[in-house]
Structure formats: C-alpha cells, structure tokens
Amino acid sequence: MFKIEKTRPPEADAWQDLERDGAIAKARAALQVPGDTVTVTDSSSGETLWMGVFGRDGRRHEWSSQEPQQVQISPAFAVAA
Numbered sequence: 070m071f072k073i074e075k076t077r078p079p080e081a082d083a084w085q086d087l088e089r090d091g092a093i094a095k096a097r098a099a100l101q102v103p104g105d106t107v108t109v110t111d112s113s114s115g116e117t118l119w120m121g122v123f124g125r126d127g128r129r130h131e132w133s134s135q136e137p138q139q140v141q142i143s144p145a146f147a148v149a150a
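Per the working numbering, residue 70 is the first one in the sequence shown, and the count goes up by one each step.
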C-alpha cells in the first residue's frame with residue numbers, strides 16, 4: 070500500500086493506492102497550483118518514494134527515490150480557460 074499526501078494548507082489531503090505507479094500518477098494529478106507539495110510513501114516502511122512540488126515559477130519539480138541525485142523539472146500543463 071502506498072500513501073499519497075498533499076500538503077497545501079488549509080487543504081491538506083491524503084489518499085492510498087495499492088500500486089506504486091498508480092500512487093505516483095495520482096500524486097502528479099494533485100499538483101494543481103503553485104505551492105502544492107505531494108509525497109508518496111511506502112505505508113509499511115515509511116520510505117518516501119516520490120515527491121513533487123508545483124513551483125511558483127509554474128514548473129513541476131519531481132524527485133524519485135530511484136534517482137535520488139536528480140530532480141526533474143518540467144513545464145506545468147496548460148489549462149484551457
């Protein structure tokens with residue numbers, strides 16, 4: 070089981086997913102506005118597996134425990150008005 074936590078006061082929230090990839094996909098989808106921070110942790114070990122931040126610069130910053138020395142930065146998705 071993998072726990073997904075979103076921390077943007079006052080709207081903090083948490084979800085769970087049985088699959089690691091599913092949890093990361095849900096976490097990416099939760100990055101919606103600047104200031105959003107989402108983490109995916111292994112419920113049994115407590116290890117942080119993935120973390121994402123929606124930066125004030127409009128880009129997503131992602132970190133994975135599989136590549137701990139790298140932070141991937143990608144442009145934010147455009148939202149049609």
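Think of the CB as a built atom: it goes at the ideal place given N, C-alpha and C, for glycine as much as any other residue. What you are looking at is a predicted structure, and each value in this text was computed from that prediction instead of being measured.
{"Item": "Using the Cα positions of Asp-111 and Ala-96, report the straight-line distance between them to the nearest angstrom.", "Value": "13 Å"}
{"Item": "Which first and last residues belong to the beta strand (DSSP E) in which Arg-128 is found?", "Value": "128-133"}
{"Item": "Got a sec, what are the start and stop residues for the beta strand (DSSP E) Asp-111 sits in?", "Value": "106-111"}
{"Item": "Does Gly-124 come out as helix, strand or coil in the three-state DSSP assignment?", "Value": "coil"}
{"Item": "In whole angstroms, give me the CA-to-CA distance for Thr-108 and Ser-133.", "Value": "10 Å"}
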